[in-house]
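Here it is as structure tokens:
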């Protein structure tokens, strides 16, 4: 068993309730505004998380077990959430994320992974060789990456309201450090 | 009434449940490790949030109403949480934060602020002149600053486990952008 498997599952179980408690019924200033230009709103981020449950984590784990390094993962469509979010409310997206995550965790348990499975290798279309163990660790880290992003998008809405305190709030000076994803 | 007052209160009400849902009963790899050196753990951050409820937000709002710019705020002790967290469990801190925040929000409502009050000025010991409106906007922004920090501290624990995916996870490359606070 991977050393991180239990802590991975624990965090994956907690994320939907965390986002639900933070976001459900909040005024739209917090959830429907972005950081300018074509950046994402919090609403978009929840759509992206749902899309990941459908097409990224469990599908890629299965891909590794089935194809190994012989065939790269199908690329993940970073804009693939657009059709998932159309005409939906944030409450509906939060419910859909909780449902999709529960299904993913049922699927993960049903895979009944053994110690040797965690070292199985696959091929990422950009990153090259990766292990199942690394894929599974990236799943909760990706949740945290987007919690980091969500807190930044939300804080951005108060950038001028905080006045001189801006200088003490590191979140106001974060640019995300990478292509969002 | 400040344009932001309702959205401020809404977020302040949500933060304790968000942190509770994220953190309660998580394995200690997520909550009791720091980012190296003398940086804070998630446990420390929750202590800091409690300390802020006791000594920062409502006390400073009252200070502005009582003293205006005539006397600066007493400085906030950034290490003041140490005595609050000693011999406590994370679950106890999460409960204490929820209780302290509820009390703060009761106190805020009891102040029965009027439109003109939001423009009242106070004096920050470092930042100089600030308004009550800016102080109140900084309160939820400070919650978000620490949610941003918490997601970063947690992600840091998986930095090597994610392998090459590190390159795609901006949270792994965030240094906080300022003195923590």
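Chains as they are written, first to last, in my numbering: chain A, 591 to 771; chain B, 591 to 771. Here a beta-carbon is modelled for each residue, glycine too, at the ideal position from N, C-alpha and C.
Whole-Å CB distance - residue i paired with residue j, under 8 angstroms assumed
{"i": "residue 610 of chain A", "j": "residue 686 of chain A", "result": "About 11 angstroms separates the two Cβ atoms, so there is no contact after all."}
{"i": "residue 690 of chain A", "j": "residue 644 of chain A", "result": "6 angstroms"}
{"i": "residue 738 of chain A", "j": "residue 738 of chain B", "result": "6 angstroms"}
{"i": "residue 712 of chain B", "j": "residue 654 of chain B", "result": "4 angstroms"}
{"i": "residue 759 of chain A", "j": "residue 735 of chain B", "result": "5 angstroms"}
{"i": "residue 659 of chain B", "j": "residue 719 of chain B", "result": "6 angstroms"}
{"i": "residue 598 of chain B", "j": "residue 700 of chain B", "result": "Actually they are not in contact, since the Cβ atoms of residue 598 of chain B and residue 700 of chain B sit about 16 angstroms apart, beyond 8 angstroms."}
{"i": "residue 745 of chain B", "j": "residue 748 of chain A", "result": "Not quite, the Cβ-Cβ distance comes to about 24 angstroms (not below 8 angstroms), so this is no contact."}
{"i": "residue 742 of chain B", "j": "residue 716 of chain B", "result": "About 24 angstroms; that fails the 8 angstroms criterion."}
{"i": "residue 622 of chain B", "j": "residue 633 of chain B", "result": "6 angstroms"}
{"i": "residue 637 of chain A", "j": "residue 674 of chain A", "result": "5 angstroms"}
{"i": "residue 729 of chain B", "j": "residue 616 of chain B", "result": "Residue 729 of chain B to residue 616 of chain B, Cβ: 26 angstroms. No contact."}
{"i": "residue 708 of chain B", "j": "residue 592 of chain B", "result": "4 angstroms"}
{"i": "residue 722 of chain B", "j": "residue 710 of chain B", "result": "5 angstroms"}
Proximity test, Cβ basis, 8 angstroms: residue i and chain B
{"i": "residue 620 of chain A", "result": "yes"}
{"i": "residue 596 of chain A", "result": "yes"}
{"i": "residue 724 of chain A", "result": "yes"}
{"i": "residue 664 of chain A", "result": "no"}
{"i": "residue 752 of chain A", "result": "yes"}
{"i": "residue 675 of chain A", "result": "no"}
{"i": "residue 761 of chain A", "result": "yes"}
{"i": "residue 701 of chain A", "result": "no"}
{"i": "residue 698 of chain A", "result": "no"}
{"i": "residue 644 of chain A", "result": "no"}
{"i": "residue 612 of chain A", "result": "yes"}
{"i": "residue 727 of chain A", "result": "yes"}
{"i": "residue 655 of chain A", "result": "no"}
{"i": "residue 601 of chain A", "result": "yes"}
{"i": "residue 607 of chain A", "result": "yes"}
Neighbour flag for residue i against chain D, beta carbons, 8 angstroms
{"i": "residue 755 of chain A", "result": "No chain D is part of this structure, whose protein chains are labelled A and B."}
Residue i at chain A interface by Cβ criterion, 8 angstroms
{"i": "residue 741 of chain B", "result": "yes"}
{"i": "residue 632 of chain B", "result": "no"}
{"i": "residue 624 of chain B", "result": "no"}
{"i": "residue 732 of chain B", "result": "yes"}
{"i": "residue 712 of chain B", "result": "no"}
{"i": "residue 629 of chain B", "result": "no"}
{"i": "residue 637 of chain B", "result": "no"}
{"i": "residue 658 of chain B", "result": "no"}
{"i": "residue 738 of chain B", "result": "yes"}
{"i": "residue 745 of chain B", "result": "yes"}
{"i": "residue 715 of chain B", "result": "no"}
{"i": "residue 670 of chain B", "result": "no"}
{"i": "residue 771 of chain B", "result": "Bear in mind that the predicted position of residue 771 of chain B carries a pLDDT of just 38, short of 50, making it too unreliable to give a figure here."}
{"i": "residue 616 of chain B", "result": "yes"}
{"i": "residue 651 of chain B", "result": "no"}
{"i": "residue 641 of chain B", "result": "no"}
Paired residues, beta bridge with residue i - DSSP
{"i": "residue 676 of chain A", "result": "The partner list for residue 676 of chain A (beta bridge, DSSP) is empty, contrary to what the question assumes."}
Reduced DSSP category for residue i - H, G, I as helix; E, B as strand; rest coil
{"i": "residue 718 of chain B", "result": "strand"}
{"i": "residue 711 of chain A", "result": "strand"}
{"i": "residue 756 of chain A", "result": "helix"}
{"i": "residue 595 of chain B", "result": "helix"}
{"i": "residue 642 of chain A", "result": "helix"}
{"i": "residue 703 of chain B", "result": "coil"}
{"i": "residue 769 of chain B", "result": "Bear in mind that a pLDDT of 47 at residue 769 of chain B, under 50, signals an unreliable position, so the model cannot answer this."}
{"i": "residue 608 of chain B", "result": "helix"}
{"i": "residue 764 of chain A", "result": "coil"}
{"i": "residue 626 of chain B", "result": "coil"}
{"i": "residue 747 of chain B", "result": "coil"}
{"i": "residue 692 of chain B", "result": "helix"}
{"i": "residue 631 of chain B", "result": "coil"}
{"i": "residue 663 of chain A", "result": "coil"}
{"i": "residue 650 of chain B", "result": "helix"}
{"i": "residue 669 of chain A", "result": "coil"}
{"i": "residue 617 of chain A", "result": "coil"}
{"i": "residue 658 of chain B", "result": "coil"}
- Message: Within 8 angstroms, do at least three Cβ pairs link the region 749-757 of chain B to the region 629-644 of chain B?
- Response: no
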